[in-house]
Every structure is written in C-alpha cells, then in structure tokens.
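S.K.: This is the structure, below, for whatever I ask next.
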Amino acid sequence: MAVVVSSSTLVGILHGADLPSWTWAGETMGSRYRVTVANPPDSPTLHSNLIQEVDERLKQINLQMSHYLPESELSRFNKAPAGSPVTISDELELVTRFALEMSRRSNGAFDPTLSPLINLWGFGEAGPALAPPSDAAIQKARQIVGWQKIQFTPQHQLQKQMDGVSLNLSALAKGYAVDEMVRLLQKHGLTNVYASIAGEIRVSGHSPRGGPWRIGISAPLELWRENDPLAAAVELQDMAISTSGDYQKFYYDAEGRRLAHILDPRTGHPVQHDLGSVTVVAPEGIVADALSTTLFVLGAKDGLNFIESWTNAAALFILREKDTQSFRLIPSSRFSKLTGWRAP
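Adding 3 to a residue's 1-based position in the sequence shown gives its number in the numbering used here.
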C-alpha cells in the first residue's frame, strides 16, 4: 500500500511551510478516495463545484465498471448469454481492451475473468470461505475462466464464448478512476494535484510543500496495521503509483499457508512465493494498477524481466525473509531514476 508521507512520518524529508491547499475525501468503489489540490485559486465556488464533479465522475465510472452493482454496464455484460454482443460505453471498452492486452502481454499472468475463482477462495462478493476449495471445485471454476473467452466484435460490442464467463476489472478500475480524477482537475486549470482511491495514487505538479509529492510504501508485515513502519519512500511528479501485496486480505489454511486474495490465473490458486509486495510507478494509474497485480503474480525473477519491457514504468519488489518480519528490496533498473529512491 502506498500512502502520502507526512512530516511526522518521515522526519527530515519534508521542509518549509505549506502552501494553501484544498483537500477532501469520500467513498467510492468500496474504498475511500482523497483529493488534494496544492496552491489553488482563491475560488470557493470552484472548490465546491469540483467536489461535486469528482463525486459524480466516480459514480459514473462505478456504474460502468462495478461487478458488485447489479445495474452496472459490467454486470449487464456478465449476465448476458454466450454469443450475445453487448453494447458498452467507450470508457468500459478502453479499460476492457487494456485488461485483455495486459493478459496477452503477460501470457495470462493477468486475467480479468477470475471472478469464479475469487469467489471460490472467499475473496469476492460471496463472502469469506470456511475452508480452501477442493481441487475438483477449482477445476470446475477454471472451465469458465480465461481472458481468451472474451472478444470484441467489429462493431465494438463485447461478447463471451461460454455462459458463466464474467469480467472483473477490480485490478485496474481504481487506477483508471484516479486518472480520470486528475484529468478532471486539470481541465479546470489545476496542475498541482493528488488523487487516490485506496492505495492507487496519481499526482501532478508539486505538493503543498512546493516540491515533489512524497509517497510512503508500507512494509508488508505479516500482521500489518495502519501507521506501521514504511519500507521505502519515493518522490513523484506527474506519475502514478500502485502497490499489490499479500498482507491485507488473506487467511491461513490448516497447513499454515498464507492464502492471499491475489490469484495466479495459470493455476487457479493464491500466489505462493516470498514476495510481500510489489510497487509500480507509471505515467498512468491504470497501467500502474494492472502492472502491480501482474508483477506480484509473476514473482521477483519473472516480474523484473517483465517490467523492463515497459520503458516508462518501474517497480520495487519487497521480498519477505524467512523470519517474515524483515525484507529485501529489489528495484527494477529505472526505479531510482523515476522516483528518487535510494537503497538504504
């Protein structure tokens, strides 16, 4: 998880008096969103209008991309029978095409059709599982999972090959939404902005301290809590940041294995390796969001190779040592250049 770093969190990093700023927060996509505008114009009317505009834009995105809301565009597609083309908005088409392209490019390490498996393992709308599913149940669910089972028609409609196939865009919709929040603010001439939904963050310009936005990266402690120590801190301008990890949504099976909410589409099981988290920086939130999930599935070795093919993005892999409370940080080749981070 990435968080805005305050002077009380990292003593000595932030200096000087704050510039004027607007900050507000709200609820969206089952999470909290937050907006900060540094050095805004003296316009209470604009401030009030922006609060309403941001909230309305987020509601619109949710009505397009939520797999929880029964009336959303995505839910309408998920309920449609196989072979029946469904007309969708340009925004949902953009995000879905990106999801399918990430699936293709990662050879299936990213897959937006995992809902049957997510629910089976107890991480979806069906609620927590009492026990891990059987191999037979996993194999049955996998029959209706697979990004190749969804296509676009020449008329830009969306259709599925099999009944039961569904889309779940939770691994990139929040990233897209923070992009849209920043775009909306910039349309009003505001260039120094911060937007976040849960751990998805995008910034532009400078912070209320006059310099880059300082973002802290949580240490993926086994029993993580808010305000726990940070593993790293970065400085960003005109970038997005996203973290995926196994330390917030998980449970243990009878054998003591940690079963977290990020599943490997290639096996149908929760990811099992020594990665605690992966943080990605990229120019857009949708890219950072999807990449952080993909890299966590791939693991440190394959993930490092994969992120190097994205010339405008970088990642920090945090590996959990055997004692589970200490870590090893492995940056990709561009991480320090894009974030100002230096190894301790």
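Built from N, CA and C at the ideal position, the CB exists for glycine as well. Small disclaimer: the values here were computed from a predicted structure and weren't measured.
1) Comparing alpha-carbon positions, which option in G125, R37, V196 and P273 lies nearest A112?
2) Starting from the C-beta of S339, find all residues in its chain whose C-beta is less than 7 Å away, skip the five residues before and the five after it, and write them out in chain order.
3) Could you check if G86 is buried or exposed, using at least 16 other CB atoms within 10 Å of its CB as the buried criterion?
4) On the three-pair Cβ rule with 8 Å, is the region 211–226 touching the region 99–116?
5) State the CB to CB distance for the pair T246 and V281, rounded to an integer number of angstroms; the pair is presumed to be in contact (CB under 8 Å).
6) Say whether the region 283–297 touches the region 135–147, bearing in mind that this needs 3 or more beta-carbon pairs closer than 8 Å, one atom from each stretch.
7) Please report how far the alpha carbon of D305 lies from the alpha carbon of A316, in whole angstroms.
8) Strictly by DSSP, which residues pair up with Q162?
9) Assuming R217 and A243 form a contact by the criterion Cβ under 8 Å, report the distance between their Cβ atoms to the nearest whole angstrom.
10) If you compare alpha carbons, which of P23, Y36, W124 and T31 is closest to K252?
11) Can you name the residues that DSSP bridges to L239?
12) Exposed or buried, what is N81 when buried is set at 16 or more other beta-carbons lying within 10 Å of its beta-carbon?
13) Among A201, E238 and T194, which has the Cα closest to the Cα of P43?
14) Sort R186, H159 and E183 by Cα distance to V89 and report the nearest one.
15) Quick one: Cα of Q275 to Cα of R260, how far?
16) Could you tell me which of G271, A174, R337 and L332 sits nearest to V148, measuring between CA atoms?
17) Can you list, in chain order, the stretches of the alpha helix (DSSP H) that have 4 or more residues and sit fully within the region 51–123?
18) Which residue's Cα is closest to the Cα of H191: G343, A176, W27 and I54?
19) For S24 versus V38, is the C-beta distance shorter than 8 Å?
20) Taking the alpha carbon of L319 as the point to measure from, which residue in A263, S336 and P135 has its own alpha carbon closest?
21) Can you check DSSP and say which residues form a bridge with L266?
22) Would you mind stating whether G178 and G248 have Cβ atoms separated by less than 8 Å?
23) Please go through the same chain and pick out, in chain order, the residues whose beta-carbon is closer than 8 Å to the beta-carbon of L307, but skip the five residues on each side of it.
24) So, helix, strand or coil for R186, using DSSP?
25) Give me whichever residues DSSP pairs with P334 in a beta bridge.
26) Take the Cβ of P135 as the centre, count every other Cβ of all protein chains shown within 10 Å, and call the residue buried at 16 or more, exposed below.
27) So, at 7 Å on beta carbons, what are the nonlocal neighbours of V57 in its own chain, with the 5 sequence-adjacent residues on each side left out?
28) Could you give the residue range of the beta strand (DSSP E) that holds A257?
29) Please name the residue in A180, E128 and R107 whose C-alpha comes closest to that of H199.
30) Tell me which residues share the same chain as T156 and place their Cβ nearer than 7 Å to its Cβ, disregarding the 5 neighbours each side in the sequence.
31) Using DSSP's beta-bridge definition, name the partner residues of I204.
32) Identify, in the order they occur along the chain, each residue of the same chain with its Cβ nearer than 7 Å to the Cβ of P347, setting aside the five sequence neighbours on each side.
33) Given that a residue counts as buried once 16 or more other Cβ atoms are within 10 Å of its Cβ, and exposed if not, what is A28?
34) By the three-class DSSP mapping on this structure, what secondary structure does R345 have?
35) Can you tell me where the beta strand (DSSP E) with L278 in it begins and where it stops?
36) Helix, strand or coil: how does DSSP classify Y250 here?
M.R.: According to the structure shown:
1) Along the sequence shown, one-based indexing puts residue 112 at 109. When only C-alpha atoms are compared, the closest one is P273.
2) The residue labelled residue 339 in the question sits at position 336 within the sequence shown. Hits under 7 Å: R345.
3) Mapped onto the sequence shown, residue 86 falls at position 83. Burial call: exposed.
4) No: fewer than three Cβ pairs fall under 8 Å.
5) Here residue 246 is taken as the residue at index 243 of the sequence shown, counted from 1. Here residue 281 is taken as the residue at index 278 of the sequence shown, counted from 1. Confirmed, about 7 Å.
6) The region 283–297 vs the region 135–147: no contact.
7) If you number the sequence shown from 1, residue 305 lands on position 302. If you number the sequence shown from 1, residue 316 lands on position 313. Approximately 16 Å between the Cα atoms of the pair.
8) Counting from one through the sequence shown, the residue named residue 162 turns up at place 159. Q162 is bridged to Q154.
9) As a position in the sequence shown, residue 217 is number 214, starting the count at 1. As a position in the sequence shown, residue 243 is number 240, starting the count at 1. About 15 Å separates the Cβ atoms of R217 and A243, ruling out a contact at the 8 Å cut-off.
10) In the sequence shown, counting from the first residue as 1, residue 252 sits at position 249. Closest option to K252, Cα to Cα, is W124.
11) For this step, residue 239 is matched to residue 236 along the sequence shown. L239 is bridged to W216.
12) On the sequence shown, position 78 is the one that residue 81 refers to. It is buried - the Cβ of N81 has at least 16 other Cβ atoms within 10 Å.
13) The sequence position of residue 43 within the sequence shown is 40, counting from 1. Of A201, E238 and T194, the smallest CA-CA separation from P43 is found for T194.
14) Here residue 89 corresponds to residue number 86 of the sequence shown, with the count starting at 1. The residue with the shortest Cα to Cα distance from V89 is H159.
15) One-based indexing of the sequence shown puts residue 275 at position 272. One-based indexing of the sequence shown puts residue 260 at position 257. Those two C-alpha atoms are separated by around 9 Å.
16) One-based indexing of the sequence shown puts residue 148 at position 145. Comparing alpha carbon positions, the residue from G271, A174, R337 and L332 closest to V148 is G271.
17) Taking only runs of at least 4 residues, the alpha helix (DSSP H) segments lying wholly in the region 51–123 are 76–82, 93–108 and 118–123.
18) By 1-based counting over the sequence shown, the position of residue 191 is 188. That would be I54, whose Cα lies nearest to the Cα of H191.
19) As a working mapping, residue 24 is identified with position 21 in the sequence shown. As a working mapping, residue 38 is identified with position 35 in the sequence shown. Their beta carbons are not under 8 Å apart, which means S24 does not touch V38 by this criterion.
20) Numbered from 1 along the sequence shown, position 316 holds the residue referred to as residue 319. Residue S336 is the option with its Cα nearest to L319.
21) For the purposes of this step, residue 266 is identified with residue 263 of the sequence shown, where counting begins at 1. For L266, DSSP records a beta bridge to P273.
22) The sequence position of residue 178 within the sequence shown is 175, counting from 1. The sequence position of residue 248 within the sequence shown is 245, counting from 1. No, the pair does not count as a contact, with Cβ atoms beyond the cut-off.
23) Looking up residue 307 in the sequence shown gives position 304. Non-local beta-carbon contacts of L307 in its own chain, meaning distances under 8 Å to residues more than five positions away in sequence, involve A318, F320, I333 and S335 in chain order.
24) For the purposes of this step, residue 186 is taken as residue 183 along the sequence shown, with counting starting at 1. The answer is helix: DSSP assigns R186 an H, G or I state.
25) Mapped onto the sequence shown, residue 334 falls at position 331. Its beta-bridge partners are L319.
26) For this step, residue 135 is matched to residue 132 along the sequence shown. It is buried - the Cβ of P135 has at least 16 other Cβ atoms within 10 Å.
27) Counting from one through the sequence shown, the residue named residue 57 turns up at place 54. So the qualifying residues of the chain are V38, M184 and L187.
28) Working through the sequence shown from its first residue, we reach residue 257 at position 254. It is not in any beta strand (DSSP E) - A257 carries neither H nor E in the DSSP assignment.
29) To locate residue 199, count along the sequence shown from 1; it is residue 196. One point to set straight first is that residue 199 is Ser, not His, in the sequence displayed. Ranking A180, E128 and R107 by Cα distance to S199 puts A180 first.
30) One-based indexing of the sequence shown puts residue 156 at position 153. Excluding sequence neighbours, T156 sits near P88 and Q162.
31) For the purposes of this step, residue 204 is taken as the residue at position 201 of the sequence shown. Its beta-bridge partners are S199 and I244.
32) In the sequence shown, residue 347 corresponds to position 344, counting from 1. Take P347, set aside five residues on each side of it, and no residue of its chain has a beta-carbon closer than 7 Å to its own.
33) Numbered from its first residue, the sequence shown carries residue 28 at position 25. By the neighbour-count rule (16 or more Cβ atoms within 10 Å), A28 is not buried but exposed.
34) Within the sequence shown, the letter at position 342 stands for residue 345. In the structure shown, R345 falls within a coil segment according to DSSP collapsed to helix, strand and coil.
35) Looking up residue 278 in the sequence shown gives position 275. Membership of L278 in the beta strand (DSSP E) is indicated by the continuous run L278 to A285.
36) Against the sequence shown, residue 250 aligns to sequence position 247. In the three-state scheme derived from DSSP, where H, G and I count as helix and E and B as strand, Y250 is classed as coil.
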